[in-house]
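Chains A and B supply the protein sequences, listed in that same order.
Throughout the first sequence, residue numbering follows numbering that gives the first Met the number 0, covering 0 to 574 in sequence.
Throughout the second sequence, residue numbering follows numbering that gives the first Met the number 0, covering 0 to 574 in sequence.
Built from N, CA and C at the ideal position, the CB exists for glycine as well.
There are 2 protein chains.
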Amino acid sequence: MSQNIGHRLFAGSIIKTDALERTPVEDEKFIGERFSLELTRGQEVSFEKVVVLQTDRDPEQMLEIAWAHGMAALKAASKVSYREAFDQNVACWQKFWDRSDILVDGDPDTQQGIRFCIFQMQQTYRGLVRGSNIGAKGLTGEVYNGNAFWDTETYCLPFYLFSNPSAAKALLDYRFMTLPQALERAAQLNCRGACFPVATIDGTESCTLWQHASLQFQSSTGIAYAIQHYVNITGDVEFLFKEGIELLVQISRFLSSRGQWSQSTGKFGFYGVMGPDEFHMMVNNNCYTNYLAKRTFEYTLAALSEIRQVDPVKSASLLSRLECTATELENWGQQAEQMYIPYDAATGLYEQHDGFFNLPHLDVDTLPMKDFPLYNHWAYDRIYRYDMIKQPDVLMFMFLYDQSFTAADKLANYNYYEPRCIHESSLSPSVHSILASELGKYDEAFDFFRFATRIDLDNYNRNSGEGIHTTSIAAAWMNIVYGFGGMRSDGKVLTFNPSIPEHWKGYSFQVTYRGALLRLEVNQTTARIHTVEGEPVTICFGGAEREIGPEWVATEIRCRAPVAAVEPAGGKHAA
Amino acid sequence: MSQNIGHRLFAGSIIKTDALERTPVEDEKFIGERFSLELTRGQEVSFEKVVVLQTDRDPEQMLEIAWAHGMAALKAASKVSYREAFDQNVACWQKFWDRSDILVDGDPDTQQGIRFCIFQMQQTYRGLVRGSNIGAKGLTGEVYNGNAFWDTETYCLPFYLFSNPSAAKALLDYRFMTLPQALERAAQLNCRGACFPVATIDGTESCTLWQHASLQFQSSTGIAYAIQHYVNITGDVEFLFKEGIELLVQISRFLSSRGQWSQSTGKFGFYGVMGPDEFHMMVNNNCYTNYLAKRTFEYTLAALSEIRQVDPVKSASLLSRLECTATELENWGQQAEQMYIPYDAATGLYEQHDGFFNLPHLDVDTLPMKDFPLYNHWAYDRIYRYDMIKQPDVLMFMFLYDQSFTAADKLANYNYYEPRCIHESSLSPSVHSILASELGKYDEAFDFFRFATRIDLDNYNRNSGEGIHTTSIAAAWMNIVYGFGGMRSDGKVLTFNPSIPEHWKGYSFQVTYRGALLRLEVNQTTARIHTVEGEPVTICFGGAEREIGPEWVATEIRCRAPVAAVEPAGGKHAA
Chain A
0 MSQNIGHRLF
10 AGSIIKTDAL
20 ERTPVEDEKF
30 IGERFSLELT
40 RGQEVSFEKV
50 VVLQTDRDPE
60 QMLEIAWAHG
70 MAALKAASKV
80 SYREAFDQNV
90 ACWQKFWDRS
100 DILVDGDPDT
110 QQGIRFCIFQ
120 MQQTYRGLVR
130 GSNIGAKGLT
140 GEVYNGNAFW
150 DTETYCLPFY
160 LFSNPSAAKA
170 LLDYRFMTLP
180 QALERAAQLN
190 CRGACFPVAT
200 IDGTESCTLW
210 QHASLQFQSS
220 TGIAYAIQHY
230 VNITGDVEFL
240 FKEGIELLVQ
250 ISRFLSSRGQ
260 WSQSTGKFGF
270 YGVMGPDEFH
280 MMVNNNCYTN
290 YLAKRTFEYT
300 LAALSEIRQV
310 DPVKSASLLS
320 RLECTATELE
330 NWGQQAEQMY
340 IPYDAATGLY
350 EQHDGFFNLP
360 HLDVDTLPMK
370 DFPLYNHWAY
380 DRIYRYDMIK
390 QPDVLMFMFL
400 YDQSFTAADK
410 LANYNYYEPR
420 CIHESSLSPS
430 VHSILASELG
440 KYDEAFDFFR
450 FATRIDLDNY
460 NRNSGEGIHT
470 TSIAAAWMNI
480 VYGFGGMRSD
490 GKVLTFNPSI
500 PEHWKGYSFQ
510 VTYRGALLRL
520 EVNQTTARIH
530 TVEGEPVTIC
540 FGGAEREIGP
550 EWVATEIRCR
560 APVAAVEPAG
570 GKHAA
Chain B
0 MSQNIGHRLF
10 AGSIIKTDAL
20 ERTPVEDEKF
30 IGERFSLELT
40 RGQEVSFEKV
50 VVLQTDRDPE
60 QMLEIAWAHG
70 MAALKAASKV
80 SYREAFDQNV
90 ACWQKFWDRS
100 DILVDGDPDT
110 QQGIRFCIFQ
120 MQQTYRGLVR
130 GSNIGAKGLT
140 GEVYNGNAFW
150 DTETYCLPFY
160 LFSNPSAAKA
170 LLDYRFMTLP
180 QALERAAQLN
190 CRGACFPVAT
200 IDGTESCTLW
210 QHASLQFQSS
220 TGIAYAIQHY
230 VNITGDVEFL
240 FKEGIELLVQ
250 ISRFLSSRGQ
260 WSQSTGKFGF
270 YGVMGPDEFH
280 MMVNNNCYTN
290 YLAKRTFEYT
300 LAALSEIRQV
310 DPVKSASLLS
320 RLECTATELE
330 NWGQQAEQMY
340 IPYDAATGLY
350 EQHDGFFNLP
360 HLDVDTLPMK
370 DFPLYNHWAY
380 DRIYRYDMIK
390 QPDVLMFMFL
400 YDQSFTAADK
410 LANYNYYEPR
420 CIHESSLSPS
430 VHSILASELG
440 KYDEAFDFFR
450 FATRIDLDNY
460 NRNSGEGIHT
470 TSIAAAWMNI
480 VYGFGGMRSD
490 GKVLTFNPSI
500 PEHWKGYSFQ
510 VTYRGALLRL
520 EVNQTTARIH
530 TVEGEPVTIC
540 FGGAEREIGP
550 EWVATEIRCR
560 APVAAVEPAG
570 GKHAA
């Protein structure tokens, strides 16, 4: 990943002080000033340093103009005194914490950790600059060259969606703005529609490993998922009917042209792909890819149908502009219906891809510690030929579409895939923790959660110096809200089914939902919820749909029940 | 492939003439002399230019010494007059043609073509320089950077084996000399034993595409096959017992450590590999790889057993030196016995790899000409997800071990795989031609043969300027000898079952076999054979084993029989 995208970066500072002698200093890759003063007893000297870092994202921008923009910003900033800036900053953060803090009573390490995570998420992205996304290291390091990855929508977006929906919308706007690059990329892959990049800053594919860049489609399906997620939680159909539907149509079109029909089974599926588990390459019918594509087709068709009902004229003009024929829509319907989802009803297991169950077995617990990370210690091709997975793949789609699967199937797949997973991605433990919590495996849930909030504070992976683990930090937030809070956001209404770690006294968090701000408080016996702002909203709480308004509504929390007692969350089997 | 192997190349020339004024000329990458003379009527001027091209293959060699060697060679060469050199050259080639010519009566294009091929083979390699192999472009071009590929043993070696066995042995010696590099390469792949390179000059892997370099093992299995082939045809057990067995043990050891047991089928096989058909990558149980590995284990164990019988002391010392335990040999036996060879008895079809029969179908006849070559016109990943193959894979092992398969199975697999093959390798048509000829598909056999002998003379692929297609040229020889001559060399004795294209009056060729030189002459009704040199040898001719001596032995040739009438060549089914 060495592509230069040509953004202009302005970095300027003004130091305000009268008391010092100052000498400019220049060296290679260094520019500064040296200050000197003689101190006398009781003398007080103050500096004010005003710094502006500004990016001009247009690579065609003339340097002179980028410079002028930067200098203007610096001049404006220098008019604000230190005291004013400090007060603005405090007020701004106070407002943020009032809405977005998570309180954990009885576990100071976790309390500090989760606040560190929330702080980093807010500092990294607020959606204020159009056309920006979230780098894998945020703004804290140069590893991954500032690229945003496919997992922005699945890991980072939920935090913003539930604390600052306009930032979530900005992430989707970013994808809409880079639609031309995704259309171009699909054409490079001899496909139609839009294929979104695995890694990117400016919308073009920046991943230089063809086997990832050409075979992984979870960016595209993740964007479709995120549109559904965003619209479901915010109710923003205006976005759906304009940018959203265009993204959905172009993503469906890509998936339809990339998928193929098997000559023997008569089923539709994806051949020569790689799923989120990156330890199997060029596989056929990767279950994650197939399942996400099926749901993408279905949601796209549902959204088109909704638009047609609401505004037939707009619908016709949209389809005409996108050159979307009745035959094409019919194809998507058939492809969704005939999508091959390898499911064994006897065991409840989804096969991760064709032939996965026949692969040679490796007991991952027998691998010596010195072999990790495997990418650095194993011959490259050796990684790809066992039933060992790097991060959840089947469990990932069962989490994303949680309410479409029975608890029994989630349990079967958790029990099968978790022992085969080496969690060599910092994203992996959080999904396992959330599912373990749902399945009543409370100890396992806390074990997987234990390191999530403090990965960079305590430098667990010994690489925090390279920058923070942004998606992992975002997943830590999901761990509390989805994991212990038992929130599910993929159904018709928002659902909470809270539990609590044994040694916590209590915890609380707030989420925005369809214009309301909901506050959830949980202690060792009871969970209660009410609206802090906005009109009453209907949610599923304690197993039943209820309208939640300003008055607290309480329910008993899940106990440490044996797994068999866990009720299916949604019911209907999806495959 | 941009590795520099550091060979020293000396190129020197002396021009002998007294009649001219000469001026040295030097320019960038150019050194020469300019000559001038004034011609008067009737004046005759002669030049003699003596050229020496010499490679010092030791990259550690001092330049001064390489220079001295080159100058000495130039000095020695300059002592030979033009007339002497010319006469030596004529005599040398005459001797060669007397043994190795192929005569084709009634088809001047083919006659010229096959002689061009034979000339190129002889000019390219005679096995005189230890540690040399055959570049993909011979000595005629820089494409492929002079690398020899995995196919030397399967495509080029037969020509030398049957015309100049010492050159064939030199090719095997080359592999023995580069065994240390192959041991090192296996270790890089986290395996034991020896993994031979896909492309190389000095024995190290020079292919820079990991998906070929790490996933294709037909170099290693091809060398094992070639040892068996060489020993079978020459009877050179001395080589087998010394270099051959060491190569076999280290190749078997590699295969044993690279293969894996399936957890569900309990069968042994190769996971995450690529077969000779390079249009499917990272597949499991590639039938070619599995079958060749099975036969490699079997031959290695048979050879070890033979050595043990002949010389138990030598055998024990060999096993001890190679650290080869009884358990290891037992493992190879089990792995050979339990090797997964996906064969459907109902159809007689071998499945090229797990899932091949379920792949999306592509009618290759519908591909527009402008798409070829696909590597240049298709998105890279698009090539890998159809039931389309680049070159024979199942048919290739059925050709190599021809006598282990029934004619019915060969026919079934030919009928299935040929329509799926786009022959995007110049190696592909020859194997199809040979099998078509065996199966009585005479028109198809000649169609595939038509271009083989003249690929570079007529510049069919519009790239002969880049150098000759060495392996294709070698395959042209196989086309006549194995194809029309019906020779098979993988059985207990050499077999001939000749046919003849309809418009040829006749053809003849000579092959060496266990010390004898056999001459075969074929016309439209009869084939006859006798020894030109050496003791009588037993071969299978016209369907029966016979001793062939200096007297002609004749048989009727195969007519243009319907396919159903073709008799199985060997009988026993191998899988």
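Check                                                                                                            : Outcome
Supposed contact pair A/E437 and A/G485 - C-beta distance, whole angstroms, cut 8 Å                              : 7 Å
Identity of the residue in A/H502, A/N478, A/M477, A/Y512 nearest A/T492 by Cα                                   : Reading the sequence as shown, one finds Val at residue 492 of chain A and not Thr. Comparing Cα positions, the closest option is A/Y512.
Backbone CA spacing between A/C286 and A/S261 [nearest angstrom]                                                 : 15 Å
Any chain A beta carbon closer than 8 Å to B/M0                                                                  : With a pLDDT of only 41 at B/M0, under the threshold of 50, the placement of this residue in the model should not be trusted; the figure read from the coordinates follows. Chain A, which has no Cβ nearer than 8 Å to the Cβ of B/M0, makes this no.
For B/F295, the nearest candidate out of B/A378, B/I226, B/N231 (CA to CA)                                       : Per the sequence shown, the amino acid found at residue 295 of chain B is Thr instead of Phe. Nearest option by C-alpha distance: B/I226.
Secondary structure of A/S498, DSSP reduced to three states                                                      : coil
Outcome for B/G145 when other beta-carbon atoms lying within 10 angstroms are tallied against a minimum of 16    : buried
Classification of A/M280 by the beta-carbon crowding that lies within 10 angstroms, buried from 16 upward        : buried
Contact test: A/D100 Cβ vs the ligand GTP heavy atom, cutoff 7 Å                                                 : Within the structure as shown, the ligand GTP is missing, as the structure has no ligands at all.
With 16 other Cβ atoms within 10 Å as the buried cut-off, status of B/G274                                       : buried
Under 8 Å between C-beta atoms of A/G575 and A/G130                                                              : No answer is possible for residue 575 of chain A: the residues shown for chain A start at 0 and end at 574.
Cβ separation of B/G354 and A/N283, assumed to be a contact under 8 Å, to the nearest whole Å                    : 6 Å
Contacts of B/Y415 in chain A (Cβ-Cβ under 8 Å)                                                                  : Here the premise fails: no neighbours, minimum Cβ distance about 12 Å.
A/G145, DSSP secondary structure in three states                                                                 : helix
Contacting positions in the segment 234-265 of chain A - beta carbon closer than 7 Å to chain B                  : Q259, W260, S261, Q262, S263, T264
Opening and closing residue of the beta strand (DSSP E) in which A/E532 lies                                     : 525-532
Within chain A, the residues that B/Y342 reaches when beta carbons sit closer than 8 Å                           : Within 8 Å Cβ-Cβ: nothing; B/Y342 doesn't reach chain A, min ~17 Å.
A/A475 - DSSP class collapsed to helix/strand/coil                                                               : helix
Pairwise C-alpha distance: A/F404 and A/K571                                                                     : Annotation note: pLDDT 32 at A/K571 (below 50); position unreliable, coordinate value reported separately. Straight-line Cα distance between these residues: approximately 7 Å.
Burial state of A/R252 (16 or more Cβ within 10 Å)                                                               : buried
Check whether A/V575 and A/F9 have beta carbons under 8 Å apart                                                  : Given that chain A is displayed from residue 0 to residue 574, the structure contains no residue 575 of chain A and the question cannot be resolved.
Cβ of A/F356 within 8 Å of any chain B Cβ                                                                        : yes
Cβ contact (3+ pairs, closer than 8 Å) linking the segment 402-416 of chain B and the segment 488-508 of chain B : yes
Secondary structure, alpha helix (DSSP H): runs of 4+ residues fully inside the segment 195-232 of chain B       : 209-212
Beta-carbon proximity list for A/D380, same chain, < 6 Å, skipping 5 on both sides                               : none
C-beta atoms of A/F269 and A/A292 nearer than 8 Å                                                                : yes
Assumed close pair A/S432, A/G482 - CB separation to whole angstroms, cut-off 8 Å                                : 5 Å
CB contact flag (B/L160, B/H228, <8 Å)                                                                           : yes
Residue burial classification, A/G243 (beta-carbon count within 10 angstroms, cutoff 16)                         : buried
9 Å Cβ cut-off: residues of chain A touching B/D362                                                              : What B/D362 touches in chain A: nothing, since even the nearest Cβ is about 11 Å away.
Distance, B/R82 Cα to B/A90 Cα                                                                                   : 12 Å
Nearest-angstrom Cα separation, counted from B/M477 out to B/S429                                                : 8 Å
Start and end residues, alpha helix (DSSP H) containing B/E544                                                   : Looking at the DSSP string, B/E544 is not in any alpha helix (DSSP H); the run it does join, the beta strand (DSSP E), is 543-547.
B/R114 versus B/L156 - alpha carbon distance                                                                     : 18 Å
Whether B/R7 touches B/L62 by CB criterion (8 Å)                                                                 : yes
Spatial distance of B/S319 from B/S219 (CA atoms)                                                                : 23 Å
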